[in-house]
Each structure stands twice: as structure tokens, then as C-alpha cells.
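Worksheet for the structure shown next.
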Amino acid sequence: MALIEIKEVSKLFGFGDAATLALDEVSLAVEKGEFIAVMGPSGCGKSTLMNIIGTLDKPTYGSYLLDGRHASRFKSTRQARLRRDRIGFVFQSFNLLPRLNVLDNVALPLAYRGASTVRRRKQASDMLEVVGLREREYFYPGQLSQGQVQRVAIARALINKPSIIIADEPTGNLDSIDSRVVMELFSDIHRQGNTVLLVTHNPELTRYAARVIYMQDGRIIGDERTQIGDIAKGARVSHYRKHKKTDEDIVAGVSALMGKIPAKELQGQPKKTKSRGRKRALSRKSKK
Amino acid sequence: MFGSGDIKTAIASLRASRLRSLFTMLGIIIGVTSVVTIVSLGEGLKQQIGGQIKQLGSDVVSVRSGKLVSRGNSGDINSVNLLAFLSTSTLTNDDVDTIAKLSSVQAAVPINFVTSSAKGSAGSSDNLFVEGTTYQMADLLHQKIEFGDFFDQDTSDNNVAVIGSSVAHQLFGEINPVGQTVQIQGSDFIVHGVLAPTNGGLASVAETDFNSAVFIPQQAALDLTKGKSNILQILVKSKSDHLDQTVQDVHTALLKKHKSQEDFTVLKQTELLNIAGGTVGSVTRFISAIAAVSLLVGGVSIMDIMWVSVSERTREIGIRKAIGATNRQILNQFLIEGSLLSIVGGLIGIIVSLIINGLLRLYTGLEPAITVPIMILAVVISVAVGIIFSVAPALKAARKRPIDALRGE
């Protein structure tokens, strides 16, 4: 039995004429211990799929089974416990609480579990050691570099020893060096037998994955198994295919992928990443 | 349910917006301050009245001019007849004699109000009780005489006076003016004794503040007023502890003498206390109710701020939910924040009203008394206000769907 089983899941946003189909009868099975990279243009439904797997969102139609149980139909409290104990989230925008220091941020999931303050601090401190930030325990997120903040976020995701890590474009706001550090962390997590779901725009990052899923317009259009260490073939192909569609697609937001062809990525220009984010935001609006 | 960590988190987030928290608390602070101050003023007034009544012994019955109170069937006081306070005195010296002759009565003394003005060597005052009475007053007084003594049967033929402590200060500028002369309506009276100061005050149930009293012999008083008397009350000392019997005897005798017209009132000390205390109590309750409105406004302002806070922190709520906070835990977080605001506000309010009380004691004649029950009640009420008015915003926060909250919608 697969760890995660998505069966013909659809997700609708909005009502009536304004309704958009974010997921269109998607089916997917994920085995325990897989490292999956999910690729696709902005607005293709990658994040929606991840949110449903993480029980942050519910599918409109279809079923989602985690360990053979209908996780999407759990009551909110049970879903909260599931997120707390089984799933670790890493976001593109980090999502640390700015008012708490690094240690307390990492310890927060333990607090919701009811652990004592001393144990919480100790465990959080150990976890920060793993991501190499123990000496920054009492810093606030605003005092750290973005790469460090993301490592703190990863520590927080790992603190309750979840078996599934959902990372939604974790390197989207990072430069190439920080990206590499973060990806090595994910690689470590995977090697310890955890399941990692990674959403990315960057074909380079498919090196870390053993399986790459391509999505477009709410559907899975490709499912490729690759060797860890190799860039997935489809990643490049999908790029060039998008490229041919020209103007219309630029408006639609596929331009985001164009900014990330490997050659440019290797130069590591932080400005590019910024403008890419803005375009994505724009394109998301225009789509709605 | 609440861990220490929850409270720490709440403190942290309140500290993060210090000024806003302070403004939010202001409503509660003002509300608690006004309620506590007013209640303690009322409480202080009651104690002052109680203290004054204790200036006389508990075995003393007071006969008043006019039918001041109406009684129900059981003999309890139903209502107070205000107009009876305005009439001229219906009591006479004959009444005093009649009462004094009763078997259950040990002594009866008139309190004959002469004037309110007197002059001494160092100054004069127009706000005194110059009262004619008999030497037996000394037995009824529960108050120590600090210097000299009360006039007795022999000396009461002379022009002598026994004065209160503040009279000594006002007219002579010293605490022991025994032997000096006080001038009342042109006649000289020699100071024979000075009463020890009491915790007297403004409202006097005995219709006499002994601190500003000048007692002169009844005959001298009648001489001053050319035989006319204005007996405010007759104080009666009972022989036995059966006060009710004494009250009954006095009542029957006077009714006979007044030709069955009940234009007088026989009151026990405790009844006087109840009348005065009841009046002060109801006024206090009334003003407190008005002040409590500001508590309500304070509560609404807490709700307001919590509502804004929930909206502003939507993303934070989303993050917390994403990493495993249950609805209940989010609810608690905001409830704790709201009640923390109001507890701290309530405590500050109590401190402020303590300061106000101190200032009132220093600069006015009022003696407000804050009691522990009042303080506990204030804290309990402010906690209740905080929780009640935080419920709605906290529920809103708790029920947000995690994905909507994360998007900051």
C-alpha cells in the first residue's frame, strides 16, 4: 500500500463563472521514502496538490488517503495533529514567526504537542545543531540571512520527526549557494528514510530527486523516474516546449520558467529571482 | 489547558505592540479605577457613620423630633420621611423630664441646638454645634475627655463649656485651652473640658459631630435663647440591656404626652446605622452602576483590538496551524491575550484608585476605605470582561481555515 494515495482529486476555486479548476482529476501514489520533485509552470496546481497532501486544504472531489485513511475527511483537530506529528512544511517565504527567536520558532511544534519548556528548548537546540545554526539560537529571524532563515524553517519542520516533508519551492527566495546548502539538507532527510515532496521551478534541483512529476493546467502530464544526481530529461524538454508557445504564455506566467534556464541559474543572479517572483505574482492575478 | 508557554507567548505578542496594548487597557483601567474609588468612598462613608454612632454607647436610644421613619408590621423601617427633618422641634424639656422618670431609663439628656457660631481667643467659627445639655451627658458619651472634665451637677450652674478637639484648634489654636474663654452670643463661657478627637466626619447621624461640638449647660443655653428650646434629639440611656423594652416605654410615655400624635421617633443606634448605611449604600450602587458602563466600554475596546489583532495576524495563525496548532490552541492563545490585557488593566486600575484614595485622604475630609473583597471583585470582574469580550475574536481566529490563513486572506 502506498503511503500517499491521491485518487481523481479535483479542486475548484471560486463559484459560478469565476470558478477555476486548480486540479483536474489528479491521481498519484507516493511510496514511503520517495524523493519526488514536482515541476510545472505557475498556476499549474502544484501548490494546491501539496496543500491537499498536507491537509491544509480539502479536495473538492476525489479522495486522499494517507496510510490508507481518508486524511482529507478528518476533523480539524485530527488534521492538526496529523500536521504536527507526520508532516513537516517548508515554505518559499519561510513563514517563521518574526516575534519569536530562532529557538522558540523551532520549538513551536513541540509546544503544541505539550512538551515541557526544558525538553522543548533542548530538542530544538539539538535540531538547530543539525542545520548548523546552534550558535544563532537567540537571534530573531530578521537578524539572519535568508539561507539561514530557511535552515531554521527546516529545523522546525523536522523537530517532531515527521515522515513526510513537503517543501513548496524552498529555494525560490535563495541564491544558488544557499539553495545548495538547503538541498543537501533535504537530501540528508531523504537518506534517513523520509518521504520528501519538493515543488520547484528549477530543473537543476531534479538532481536530488528519484522521481519527477510534471504538471500543467491542473493535470499531471508526466511522471519520470531518474537517477539521483542526474537532471531529469523531461525538465529540459518541458522548458523548451513552453518556450515555443511565446507571447501568450508570457502573459500567462510561463515566463517564470524561462528565467530559470540552467545557464543563467549557474551565474546565480539574485536580481533575476526577484523579478521572477513579481512576474509570477502578476501572472497569478491575470489568471484569476 | 493553559500552559506557562501560552502565557509567555501572549505576553510576548502584547509587548510587541506595547502602545496599542496600553490604549486597550485604558478603558479597563478607567472603569476599574472609578468603580473601586466610588465603592471605597461609600464604604468609607459607612465606616465614618458607624464610628460616629459609636461615640455614644450601644445602650443609648435616640428620640428625634418628627416622625422620621415609617415602620412596617414587623417593626422594621420601611421608608424615611424626609420632610420630617425640616420641621421645627416637637420635643420639649417636659418630654425630657417625662422620659427621665421612666423606670427603665437611667438618664435622659436633651441636645438643644443653640447656634453655630462661637469665638475664642485665637479665632472664631460659624460652623459649630453649640448645644445645651445636662451634666448626665458625661455618662452617655463613649468618648474620652482628653483635658479637664465634663461639667457636673454643681458646676453646671455656671457658664462653662466642653468643646470638641477641632473647636479647640479653631478657636484657640492649641490642644488644651482649658480655663480659657469662649464667647457665644456675647456671653463668656469658660472651657471646662476638651473631648478626645474621634474619627468624625461630614455626615452625622447623631446630628452632632463631636469634634466640632460645644456643649454648654442646658440652663445657660435657655438663658441665651430667652427660654426657647430647639431640641434636636433626646438621648436616653437604658438601665438594662433590654433596649426594646426601653424603646417601648419611651414610645408609650411620649405618645401619651403628645396626645396620641406620633410626631417623634424613637430610634436605636443600630437602626440609625441602617438608615444612614442604606442611603449611602444605594447612592454608591447607583454611581457604581454608572461607572460600570466605562468597564463595558473597556470591554468593547478589548474586543475591538482583538478583532484587529486577529485580522493582522492571519498569517501567523496560518503558520501556527500549518505546524500543528489545533483550533482549541489558537482559541486559547487569543483568550489568554484578551484576559491578560484586562487583568493587567484591572490591577493598574486598583493601584490608581489606591493612589486616588490616598490623595483624597490627604486633601479632603473624605476617608475612603478599600477592602480586600472590593479588590478581588474588581479583578474577577475585569478577568470576566476580558474573557467575554475576547471570545468572539478568538473564535474567529480559531475557525480560520489553515490555507486561507496562510495566504493571509
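Note that the protein sequences, when read in sequence, are chains G and L. Under our numbering, the first residue of the first sequence is numbered 1, with each subsequent residue one higher. Under our numbering, the first residue of the second sequence is numbered 289, with each subsequent residue one higher. The beta carbon of each residue, even a glycine, is placed where N, CA and C say it ideally should be.
For Tyr112 (chain G), the neighbours in chain L by C-beta distance under 9 Å run, in chain order, Arg608, Ile611, Gly612, Ala613, Thr614 and Gln617. Residue burial annotation: Glu625 (chain L) is buried, with at least 16 other C-beta atoms found within 10 angstroms of its C-beta. For Tyr423 (chain L), there is no enclosing beta strand (DSSP E), as DSSP marks it with neither H nor E. From the listed residues G:Ser10, G:Glu5 and G:Glu34, the smallest Cα separation to Arg225 (chain G) is found for G:Glu34. Residues of chain L with a Cβ closer than 8 Å to the Cβ of Thr77 (chain G) are, in chain order, Thr614, Asn615 and Arg616.
The shortest C-alpha to C-alpha distance from Gln92 (chain G) to any of G:Arg83, G:Gln143, G:Ile154 and G:Val106 is the one to G:Ile154. Rounded to the nearest whole angstrom, the CA to CA distance from Leu390 (chain L) to His539 (chain L) is 11 Å. DSSP places Gln521 (chain L) in the uninterrupted beta strand (DSSP E) bounded by Ile519 to Ser526. Collapsing the DSSP output to three states places Ile231 (chain G) in coil. Judged by beta-carbon spacing, Ser627 (chain L) lies beyond the 7 Å limit of Gly565 (chain L), meaning their Cβ atoms are not closer than that value. Taking every protein chain shown into account, the CB of Ala686 (chain L) has 16 or more other CB atoms within 10 angstroms, so this residue is buried. DSSP links Leu65 (chain G) through a beta bridge to G:Glu5 and G:His70. When secondary structure is reduced to three states using DSSP, Leu205 (chain G) falls in the helix class. Distance from the CA of Ala580 (chain L) to the CA of Val324 (chain L), rounded to the nearest whole angstrom, comes to 10 Å.
The beta carbon of Phe622 (chain L) is closer than 7 Å to those of Met594, Val598, Ser678, Pro681, Ala682 and Ala685 in its chain, skipping five residues each way along the sequence. With the criterion set as a beta carbon lying under 7 Å from some beta carbon of chain L, the members of the stretch 54-78 of chain G are Leu56, Asp57, Ser76 and Thr77, in sequence order. Here Pro109 (chain G) is near Arg84 (chain G), since their CB atoms are less than 7 Å apart.
At a cut-off of 7 Å between C-beta atoms, Leu97 (chain G) counts as an interface residue with respect to chain L. Note on geometry: alpha-carbon atoms of Pro170 (chain G) and Arg207 (chain G) lie some 15 Å from one another. Here the alpha carbons of Lys516 (chain L) and Leu523 (chain L) stand approximately 19 Å from one another. Taking CB atoms only, Glu604 (chain L) has a neighbour in chain G less than 7 Å away. DSSP, read as helix, strand or coil, puts Arg99 (chain G) in coil.
Chain L has no Cβ within less than 7 Å of the Cβ of Ala29 (chain G). Residue pairing by DSSP places Arg225 (chain G) opposite G:Arg211 in a beta bridge. The beta carbon of Gly606 (chain L) sits closer than 8 Å to the beta carbons of Lys688, Pro690, Ile691, Asp692, Ala693, Leu694, Arg695 and Gly696 from its chain, once the five residues preceding and following it are set aside; these are given in chain order. Put simply, the backbone Cα of Ala18 (chain G) is about 14 Å away from that of Lys11 (chain G). Counting only the Cα atoms, Pro162 (chain G) lies some 24 Å from Asn173 (chain G). The beta carbon of Pro485 (chain L) sits closer than 7 Å to the beta carbons of Ser453 and Asn499 from its chain, once the five residues preceding and following it are set aside; these are given in chain order. Taking CB atoms only, Ile691 (chain L) has a neighbour in chain G less than 7 Å away. The C-beta separation of Leu583 (chain L) from Val320 (chain L) comes to about 7 Å, placing the pair in contact by the 8 Å criterion. In this chain, the alpha helix (DSSP H) harbouring Gly566 (chain L) covers Gln557 to Glu600. Under the three-pair Cβ rule at 8 Å, the stretch 193-206 of chain G does not count as touching the stretch 125-132 of chain G.
Using a Cβ distance threshold of 7 Å, Arg134 (chain G) and Val102 (chain G) do not count as a contacting pair. Annotation for Gly637 (chain L): the continuous alpha helix (DSSP H) segment containing it runs Asn615 to Tyr651.
With its beta carbon less than 7 Å from one in chain G, Ala304 (chain L) belongs to the interface. Under the Cβ distance rule, Ala300 (chain L) counts among the residues neighbouring chain G, one pair being separated by less than 7 Å.
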